[in-house]
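Report on the following structure.
In our numbering, the protein residues as written are 401 to 879.
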């Protein structure tokens, strides 16, 4: 009892230190409203705009259909932009049409790109298509296959594609599937699986479908695929670029314990399958050297499959300004955090959606949409006239040297990133437990398992970054 009390008091002190150590800017509250009236889709997995000034939105259905909506207004007209259901494999539900990206020059060249699963043999396909005679409909016969990646299993297909601010196309690939990465693809630079790629698709042709940018991190490295930008990923389900900073944020789906958000930097190894989040995978100890920890992670008491989102740069919801918004597919929980040179503010639980969150998307104005796998599309609501929250100056932080961390083995190395490094924080909580003087906080753990969790709290101060490990007891949920 005394030990638990010490843990709780220590946590309470450091929680106070976190809240007092830096200026705070409120995140939320927010709410969702139904977009496009009562229009529904068949298992939508992505939404985007063409960037051509038309104001149109495009919704991807996993079965192989891309819909176009004339505007963001309720009751807007919907049409079929492209249907390739005959080419798309849907084995075991993780396959399908998974990614769509419009060429930066789409308004003039009419090019867009798709990532989909195909059978006979099982593979992931990256192709370029073009519109047919005008911007309203695509030409299914215009397909130019740029890349085909053999898939040993039907799951962990990745599927996100997006153009970066540098004009290159980024492509996310999972580890090839099954469970636990049995072929070790995540740590193998000789395969494209388990990686985010960066390729140049301008002037693509049948003879030269893409080029490799000369500044890719593994150009000239013996045995490495030079397309790779970053690796050590299990199944990156959605990544996005912050339009203000160019930062690349990715959500990597975990195996059975941890879901993570990564700040993706060139040449970095994000640990899978040596690590799952900040935990060693399958073993109690592992070599963490050279592995990049997540910026934020959470355990399976809060969900089971992370869905990556976007840094909000729209105008309708000032309380989300600069916030990276993400969710869990299984639980419907939606969180947000801000990332600055001093670290991370948050995560904050925003709301719990009554549906499985399959994806996020943005329109041309930067407004943020949420896709429900049940067919609905929603957007965050707010008052566009409301001013952004004003940061509140905080009093000087107390000196932390008077408190000793409990003697626990470290859960992860001190996080370091290339530029003013953010550090991994404690996983988000929809209702943060209140520390008491008599017991460590209890956090529900779904799935019938009962175990402790070591969580890292990170405090950014004028003198640097300090961290503390503390133990959280989890209680079994009754079913």
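A virtual CB, placed ideally from N, CA and C, is assigned to each residue, including glycine. The structure presented is a predicted model; accordingly, all values stated were derived computationally and were not measured.
Residue i: buried (16+ other C-beta within 10 angstroms of its C-beta) or exposed?
| i | result |
| --- | --- |
| residue 662 | buried |
| residue 492 | exposed |
| residue 578 | exposed |
| residue 668 | buried |
| residue 541 | exposed |
| residue 593 | buried |
| residue 581 | buried |
| residue 456 | buried |
| residue 757 | buried |
Does residue i come out as helix, strand or coil in the three-state DSSP assignment?
| i | result |
| --- | --- |
| residue 444 | strand |
| residue 463 | coil |
| residue 674 | coil |
| residue 764 | coil |
| residue 720 | helix |
| residue 506 | helix |
| residue 625 | coil |
| residue 585 | helix |
| residue 793 | Because the pLDDT at residue 793 is just 38, under 50, the model does not fix this residue reliably, and the value given afterwards should be weighed accordingly. If DSSP states are grouped into helix, strand and coil, residue 793 belongs with coil. |
| residue 620 | coil |
| residue 809 | Note that residue 809 scores 32 on pLDDT, short of 50, meaning its location in the model is unreliable and no value can be drawn from it. |
| residue 707 | strand |
| residue 611 | strand |
| residue 491 | helix |
| residue 714 | coil |
| residue 572 | strand |
| residue 486 | helix |
| residue 599 | strand |
| residue 605 | coil |
| residue 561 | strand |
| residue 755 | coil |
| residue 402 | With a pLDDT of only 45 at residue 402, under 50, the local geometry of the prediction cannot be trusted, and no value is derived from it. |
| residue 663 | strand |
| residue 697 | strand |
| residue 684 | coil |
| residue 550 | strand |
Identify the residues that DSSP records as bridge partners of residue i: which are they?
| i | result |
| --- | --- |
| residue 735 | 726, 749 |
| residue 578 | For residue 578, which the question treats as bridged, DSSP gives no partner whatsoever. |
| residue 478 | 469 |
| residue 740 | 743 |
| residue 880 | With the chain represented from 401 up to 879, any question about residue 880 goes unanswered, as that position is not in the structure. |
| residue 434 | 778 |
| residue 886 | Since the first and last residues shown for the chain are 401 and 879, residue 886 lies out of range. |
| residue 649 | 640, 663 |
| residue 772 | 757 |
By how many angstroms is the C-alpha of residue j removed from the C-alpha of residue i?
| i | j | result |
| --- | --- | --- |
| residue 954 | residue 764 | Nothing about residue 954 can be reported from this structure: the residues present for the chain run from 401 to 879 only. |
| residue 440 | residue 482 | 17 Å |
| residue 511 | residue 533 | 12 Å |
| residue 629 | residue 450 | 25 Å |
| residue 700 | residue 657 | 5 Å |
| residue 626 | residue 544 | 22 Å |
| residue 683 | residue 695 | 22 Å |
| residue 768 | residue 697 | 22 Å |
| residue 502 | residue 679 | 37 Å |
| residue 674 | residue 703 | 22 Å |
| residue 733 | residue 607 | 46 Å |
| residue 524 | residue 454 | 31 Å |
| residue 681 | residue 671 | 9 Å |
| residue 480 | residue 717 | 31 Å |
| residue 467 | residue 614 | 36 Å |
| residue 777 | residue 644 | 25 Å |
| residue 685 | residue 464 | 43 Å |
| residue 509 | residue 535 | 10 Å |
| residue 772 | residue 431 | 15 Å |
| residue 513 | residue 753 | 30 Å |
Closer than 8 Å by C-beta to residue i: which residues in its own chain qualify, once you throw out the five before and the five after it? Chain order, please.
| i | result |
| --- | --- |
| residue 427 | 719, 720, 723, 736, 737, 738, 745, 746, 748, 750 |
| residue 639 | 560, 562, 570, 572, 596, 648, 649, 650, 651, 664, 708 |
| residue 623 | 589, 590 |
Leaving out five residues before and five after residue i in sequence, what residues of the same chain have Cβ atoms less than 7 Å from its Cβ?
| i | result |
| --- | --- |
| residue 567 | 504 |
| residue 546 | 526, 527, 528, 601, 604, 609, 610 |
| residue 565 | 641, 646 |
| residue 495 | 489, 517, 554, 557 |
| residue 583 | 552, 576 |
| residue 726 | 651, 661, 706, 707, 708, 709, 735 |
| residue 666 | 617, 629, 630 |
| residue 433 | 778, 779, 781 |
Less than 6 Å between C-beta atoms, sequence neighbours within five positions excluded: which residues of the same chain meet that for residue i?
| i | result |
| --- | --- |
| residue 705 | 653, 729, 730 |
| residue 515 | 498, 499, 526, 559, 561 |
| residue 507 | 452 |
| residue 522 | 551 |
| residue 475 | 437 |
Distance cutoff 8 Å, beta carbons only. Does residue i sit that close to anything in chain B?
| i | result |
| --- | --- |
| residue 704 | No chain B appears in this structure, which consists of one protein chain only. |
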